[in-house]
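One structure below.
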Amino acid sequence: MPKNIKKEVVKHKDISYTAKDFNSLRSELLVYARQHYGNKIIDMSENSVAGLFLDMAAYVGDTLSFYLDHQFNELSLETAIETKNIEALIRNAGVETRGASPAFVMAKLSFIIPATTFRGKKIVNEDFLPTVLGESKFTSQGGINFFTLESIDFAEKNTNNELVADIKVNSILNGAIQDFIVERTIPCTSGNTTTETFSIGSSHVPFRTIKLANTNIHEIISIRDSDNDEYYEVDTLSQDTVFKRLENTRQDKELVPSRLKIIPAPKRFIKVLSTATGKTTLRFGSGDEEAFDEDIIPDPSEHAVTLYGDRKTFKKISIDPKSFLDTSTLGISPRNTILSVKYSYGGGIRHNISIGELVIINTLITSFPTSATPSTITAIRSSGLVTNELPAYGGENEPSIEDMRNIALLSKTSQKRVVTREDLLARVYNMPTNFGRVFRASVRDNPNNPFATQLHVIARNKVGMLVFAPDTLKENLSLFLSKFRLVSDAVDILDAKIINIGIKYSVTLEPGVAKQSTIQKINSNLKSYFKIENFHIDQPIITGDINNIILNTQGVVSVISIKLINKTGIIKNNVYSNESFSIVRNLDRGMIFPDRGSIFEIRHPSDDIEGSIV
Numbered sequence: 130m131p132k133n134i135k136k137e138v139v140k141h142k143d144i145s146y147t148a149k150d151f152n153s154l155r156s157e158l159l160v161y162a163r164q165h166y167g168n169k170i171i172d173m174s175e176n177s178v179a180g181l182f183l184d185m186a187a188y189v190g191d192t193l194s195f196y197l198d199h200q201f202n203e204l205s206l207e208t209a210i211e212t213k214n215i216e217a218l219i220r221n222a223g224v225e226t227r228g229a230s231p232a233f234v235m236a237k238l239s240f241i242i243p244a245t246t247f248r249g250k251k252i253v254n255e256d257f258l259p260t261v262l263g264e265s266k267f268t269s270q271g272g273i274n275f276f277t278l279e280s281i282d283f284a285e286k287n288t289n290n291e292l293v294a295d296i297k298v299n300s301i302l303n304g305a306i307q308d309f310i311v312e313r314t315i316p317c318t319s320g321n322t323t324t325e326t327f328s329i330g331s332s333h334v335p336f337r338t339i340k341l342a343n344t345n346i347h348e349i350i351s352i353r354d355s356d357n358d359e360y361y362e363v364d365t366l367s368q369d370t371v372f373k374r375l376e377n378t379r380q381d382k383e384l385v386p387s388r389l390k391i392i393p394a395p396k397r398f399i400k401v402l403s404t405a406t407g408k409t410t411l412r413f414g415s416g417d418e419e420a421f422d423e424d425i426i427p428d429p430s431e432h433a434v435t436l437y438g439d440r441k442t443f444k445k446i447s448i449d450p451k452s453f454l455d456t457s458t459l460g461i462s463p464r465n466t467i468l469s470v471k472y473s474y475g476g477g478i479r480h481n482i483s484i485g486e487l488v489i490i491n492t493l494i495t496s497f498p499t500s501a502t503p504s505t506i507t508a509i510r511s512s513g514l515v516t517n518e519l520p521a522y523g524g525e526n527e528p529s530i531e532d533m534r535n536i537a538l539l540s541k542t543s544q545k546r547v548v549t550r551e552d553l554l555a556r557v558y559n560m561p562t563n564f565g566r567v568f569r570a571s572v573r574d575n576p577n578n579p580f581a582t583q584l585h586v587i588a589r590n591k592v593g594m595l596v597f598a599p600d601t602l603k604e605n606l607s608l609f610l611s612k613f614r615l616v617s618d619a620v621d622i623l624d625a626k627i628i629n630i631g632i633k634y635s636v637t638l639e640p641g642v643a644k645q646s647t648i649q650k651i652n653s654n655l656k657s658y659f660k661i662e663n664f665h666i667d668q669p670i671i672t673g674d675i676n677n678i679i680l681n682t683q684g685v686v687s688v689i690s691i692k693l694i695n696k697t698g699i700i701k702n703n704v705y706s707n708e709s710f711s712i713v714r715n716l717d718r719g720m721i722f723p724d725r726g727s728i729f730e731i732r733h734p735s736d737d738i739e740g741s742i743v
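Just so you know, we're using the working numbering here: the sequence shown kicks off at 130 and counts up by one.
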């Protein structure tokens with residue numbers, strides 16, 4: 130250590146660098162002032178001028194110390210508290226912030242098709258069978274919109290040359306069949322689609338951003354400019370190629386209807402969702418479309434001079450590092466054009482409609498064979514009916530910032546692959562919202578196969594009750610996970626078991642305490658504790674927590690008894706799961722453990738929590 134530094138250390142060795150709060154700083158300042166200025170300043174009391182300066186110095190030091198600690202904490206995902214910083218850290222962990230997810234439903238669509246005679250038999254006139262195109266819109270009784278995800282051809286046939294559609298006789302006149310009801314199921318997702326246009330000025334703006342008007346946007350369908358050039362969504366702006374699905378026109382198109390092609394994406398964008406506002410911002414690249422990269426960045430060979438010995442060095446040149454952003458390396462920023470942004474939005478748990486709620490045909494986009502007359506087309510379209518024989522599932526409300534933080538903590542070490550259980554859960558909860566979302570997931574080893582993993586999942590209906598995840602949602606999840614898991618790994622996606630329980634308790638109260646209001650307070654506290662958002666698959670119930678909740682309610686003297694009951698079937702018009710469960714057999718050290726791959730639920734809290742006073 131240099132001598133001058135040693136002298137300074139010795140000179141100021143009496144200074145404490147651990148004092149960080151106001152009182153500690155003031156105490157240290159007071160000691161320092163008395164040591165060095167005690168012979169000059171006599172009165173250092175709190176009410177003196179010297180005390181004022183000590184207070185001000187301690188105040189400044191305390192404030193600086195607080196903000197230094199605060200800013201340091203904001204650099205970590207575990208300790209950050211400001212929403213904007215948490216969002217930035219979540220995105221840095223490779224997790225996309227997202228809003229509410231849409232629900233999926235299989236809609237059954239039917240038309241009345243005239244009959245024709247073939248070989249003396251009445252059959253469906255196939256010349257009148259329509260094709261229902263994608264983005265046809267249906268509406269539920271509660272006003273929830275669903276649109277079709279794909280086109281469905283009612284004239285499609287199987288390998289036996291028979292119509293795939295379900296066919297039923299509709300009307301008979303004088304013993305002859307007049308027409309048929311032809312039905313097919315169509316996968317639909319909830320939400321709406323819309324197109325926004327943005328006029329982009331002629332000036333070059335690196336990393337130009339535009340904000341979309343609607344909230345809970347789950348998919349950008351397309352972005353095109355005035356020249357009909359397409360902008361592609363990427364994970365990062367450094368990604369310069371994308372996969373695009375193209376129609377297979379080759380001879381094997383029946384076996385492989387689509388093919389993938391890697392295409393360059395000079396015009397690209399990323400989307401960023403603000404959890405505070407729910408609005409989505411699109412950010413484009415930094416490059417200037419009207420400038421060539423070689424004109425922006427000088428050629429080094431043109432600035433090299435030859436020295437003795439055939440060595441080369443660069444002469445003094447001025448290169449602005451900012452100019453590198455104007456190249457196409459990070460994509461092209463739009464300018465002097467009009468952008469048309471088509472996207473889908475909307476979602477939430479209320480989109481999980483019940484059976485038979487989808488009844489309104491809002492927008493029907495169809496195509497008919499050329500042989501069908503306009504009057505026949507009008508009659509067939511007007512005969513259309515829609516319903517859903519199964520409820521819609523997969524809709525979930527937007528995750529809280531804490532939920533996103535937990536997902537990011539799981540994801541930050543996964544590096545977009547699935548190796549550990551945490552990696553698998555991170556991928557599950559990070560599935561894009563347009564595929565739907567499971568409510569809870571749990572990972573266990575497969576007892577029958579050491580090379581396989583069991584993934585238990587559960588969903589919720591529109592009122593927040595647990596239900597089994599639909600097949601469509603599990604299929605989407607399986608396809609999504611296949612991109613990340615190792616080739617040798619297998620993931621079995623299973624339904625989690627739902628164990629419905631009820632609570633009966635009895636207490637003694639203080640004299641003069643209102644009995645009914647106290648019971649209501651206890652029930653309200655227990656409802657908050659047993660909210661399904663607080664429970665996970667395989668999570669036990671701690672009986673001590675229930676006892677403490679009851680005992681800590683004002684007016685309660687003692688808890689006489691607590692009894693947990695397994696509820697199944699139909700009780701007092703309330704429907705429960707059929708999963709039987711023994712409370713006694715699964716009680717261990719004050720905890721009630723669920724069966725493997727199960728989750729506890731108080732399904733009807735108003736009826737399932739009962740209290741009495743002794």
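For every residue, glycine included, the Cβ atom is placed at its ideal position computed from N, Cα and C.
### Query
Do Ser351 and Glu359 come within 8 Å of each other at the CB atom, strictly closer than that value?
In the sequence shown, counting from the first residue as 1, residue 359 sits at position 230. In the sequence shown, counting from the first residue as 1, residue 351 sits at position 222. Closer than 8 Å, so yes.
### Message
Bridge partners for Tyr474 per DSSP, in chain order?
### Response
Numbered from its first residue, the sequence shown carries residue 474 at position 345. For Tyr474, which the question treats as bridged, DSSP gives the partners Asn321, Ile346.
### Option in Arg313, Tyr196, Leu638, Ile329 with minimal Cα separation from Ser355
Position 226 of the sequence shown, counted from the first residue, corresponds to residue 355. That would be Ile329, whose Cα lies nearest to the Cα of Ser355.
### Task
Under 6 Å Cβ to Cβ from Ala148, same chain only, skipping five residues before and after it: list those, please.
For this step, residue 148 is matched to residue 19 along the sequence shown. Contacts found: Leu154, Glu157.
### Message
By the DSSP assignment, the alpha helix (DSSP H) with Asp674 in it spans what residues?
### Response
To locate residue 674, count along the sequence shown from 1; it is residue 545. Segment 672–680, the alpha helix (DSSP H) holding Asp674.
### Message
Pairs of beta-carbons, one from the segment 408–416 and one from the segment 334–343, closer than 8 Å: are there three or more?
### Response
Counting C-beta pairs closer than 8 Å gives three or more between the segment 408–416 and the segment 334–343, which meets the contact rule.
### Task
Pick out the complete beta strand (DSSP E) segments inside the segment 619–646, 3 residues or longer, and give them in chain order.
619–624, 626–638
### Task
Tell whether a beta-carbon distance below 8 Å holds between Val642 and Ile689.
What you label residue 642 is simply residue 513 of the sequence shown in a count that begins at 1. What you label residue 689 is simply residue 560 of the sequence shown in a count that begins at 1. Against a cut-off of 8 Å, the Cβ pair of Ile689 and Val642 comes out as no contact.
### Message
With three or more C-beta pairs closer than 8 Å as the rule, is the segment 625–635 touching the segment 725–738?
### Response
yes
### Task
Output the residue ranges of the alpha helix (DSSP H) runs that lie fully inside the segment 491–545 and measure 4 residues or longer, sorted by chain position.
503–511, 530–540
### Query
Are any of the Cβ atoms in chain B nearer than 8 Å to that of Glu604?
Looking for chain B here will not work: only one protein chain is present.
### Query
So is the beta-carbon of Arg534 under 7 Å away from any non-hydrogen atom of the ligand ZN?
As for the ligand ZN, it is missing from this structure, which has no ligand bound.
### Message
Taking the alpha-carbon of Ala718 as reference, which of Phe729, Leu680, Phe710, Thr672 has the nearest alpha-carbon?
### Response
Counting from 1 along the sequence shown, the entry for residue 718 is found at position 589. Inspection of the sequence shows that residue 718 is occupied by Arg rather than by Ala. Comparing Cα positions, the closest option is Thr672.
### Task
Hey, could you find the ends of the beta strand (DSSP E) Phe240 is sitting in?
For this step, residue 240 is matched to residue 111 along the sequence shown. Its beta strand (DSSP E) spans residues 233–247.
### Message
Determine whether the beta carbon atoms of Ile482 and Val234 lie at a separation below 8 Å.
### Response
As a position in the sequence shown, residue 482 is number 353, starting the count at 1. As a position in the sequence shown, residue 234 is number 105, starting the count at 1. Yes, Cβ-Cβ distance for Ile482 and Val234 is below 8 Å.
### Query
What is the residue span of the beta strand (DSSP E) that Ile689 lies within?
One-based indexing of the sequence shown puts residue 689 at position 560. Element bounds for Ile689: 685–695.
### Task
With DSSP collapsed to three states, give me the class of His165.
Taking the first residue of the sequence shown as 1, we reach residue 165 at position 36. Note: His165 maps to helix in three-state DSSP.
#### Entry: Option in Glu604, Ala521, Ile678 with minimal Cα separation from Gly320
For the purposes of this step, residue 320 is taken as residue 191 along the sequence shown, with counting starting at 1. Residue Ala521 is the option with its Cα nearest to Gly320.
### Task
Along the beta strand (DSSP E) that carries Lys149, what are the first and last residues, could you check?
Working through the sequence shown from its first residue, we reach residue 149 at position 20. Where Lys149 is concerned, there is no enclosing beta strand (DSSP E), because DSSP gives it neither an H nor an E.
### Task
Express the C-alpha separation of Pro576 and Ile296 in angstroms, rounding to a whole number.
Residue numbering aside, residue 296 sits at position 167 when the sequence shown is read from its first letter. Residue numbering aside, residue 576 sits at position 447 when the sequence shown is read from its first letter. Their Cα atoms are separated by approximately 45 Å.
### Top-ranked residue by Cα proximity to Thr495, from Thr192, Leu258, His165
Residue numbering aside, residue 495 sits at position 366 when the sequence shown is read from its first letter. Thr495 has its Cα closest to that of Leu258, out of Thr192, Leu258, His165.
### Query
According to the Cβ coordinates, are His585 and Ser473 closer than 8 Å?
Sequence index remark: in the sequence shown, residue 585 carries index 456 (1-based). Sequence index remark: in the sequence shown, residue 473 carries index 344 (1-based). No, the pair does not count as a contact, with Cβ atoms beyond the cut-off.
#### Entry: Presumed contact (8 Å Cβ cut-off) between Ile392 and Val371, rounded CB distance
As a working note, residue 392 is residue 263 in the sequence shown. As a working note, residue 371 is residue 242 in the sequence shown. With a beta-carbon spacing of about 6 Å, Ile392 and Val371 fall inside the 8 Å limit used to define contacts.
### Task
State the beta-bridge partners of Pro316 as determined by DSSP.
Against the sequence shown, residue 316 aligns to sequence position 187. Within the DSSP secondary-structure output, Pro316 pairs in a beta bridge with Met235.
### Straight-line gap, Thr245 to Ile301 (C-alpha atoms, nearest Å)
By one-based count along the sequence shown, residue 245 stands at place 116. By one-based count along the sequence shown, residue 301 stands at place 172. Spanning the two alpha carbons is a distance of roughly 13 Å.
### Query
Looking at the structure shown, is Asp724 part of a helix, part of a strand, or coil, going by DSSP?
Position 595 of the sequence shown, counting from 1, holds the residue named residue 724. Of the three classes helix, strand and coil, the one that applies to Asp724 here is coil, per DSSP.
### Task
For the alpha helix (DSSP H) holding Asn214, just list the boundary residues, first then last.
In the sequence shown, counting from the first residue as 1, residue 214 sits at position 85. That run of the alpha helix (DSSP H) goes 212–221.
### Task
Rank Thr326, Glu418, Met594, Asn168 by C-alpha distance to the C-alpha of Lys471 and give the top, closest one.
On the sequence shown, position 342 is the one that residue 471 refers to. Minimum Cα distance to Lys471 is reached at Thr326.
### Query
For Arg566, is the classification buried or exposed, using 16 other Cβ atoms within 10 angstroms of its Cβ as the cut-off for buried?
By 1-based counting over the sequence shown, the position of residue 566 is 437. Its Cβ being crowded by 16 or more others within 10 Å, Arg566 is buried.
### Alpha carbon of Phe267 to alpha carbon of Pro231, nearest angstrom
Along the sequence shown, read from residue 1 onward, the residue named residue 267 stands at position 138. Along the sequence shown, read from residue 1 onward, the residue named residue 231 stands at position 102. Their backbone Cα atoms lie some 14 Å apart in a straight line.
### For Ile252 and Val311, believed in contact at Cβ under 8 Å, the rounded distance
Within the sequence shown, residue 311 is the residue found at index 182, counting from 1. Within the sequence shown, residue 252 is the residue found at index 123, counting from 1. Contact flag wrong, Cβ pair sits at about 11 Å.
### Query
If you drop the 5 nearest sequence neighbours on each side, which residues of the same chain put their C-beta closer than 7 Å to that of Thr505?
Looking up residue 505 in the sequence shown gives position 376. Contacts found: Phe257.
### Task
Give the secondary structure of Asn287 by DSSP, where H, G and I count as helix, E and B as strand, and everything else as coil.
One-based indexing of the sequence shown puts residue 287 at position 158. It is coil, neither helix nor strand.
### Message
Residues in the same chain with beta-carbon distance under 7 Å from Val298, minus the five sequence neighbours each way, listed in chain order, please.
### Response
As a working mapping, residue 298 is identified with position 169 in the sequence shown. Sequence-distant partners of Val298 (beyond 5 residues in either direction) whose C-beta falls short of 7 Å from its own C-beta, in its chain, are Ile306, Phe309.
### Query
Ser280 to Val261, Cα distance in whole Å?
Mapped onto the sequence shown, residue 280 falls at position 151. Mapped onto the sequence shown, residue 261 falls at position 132. About 6 Å.
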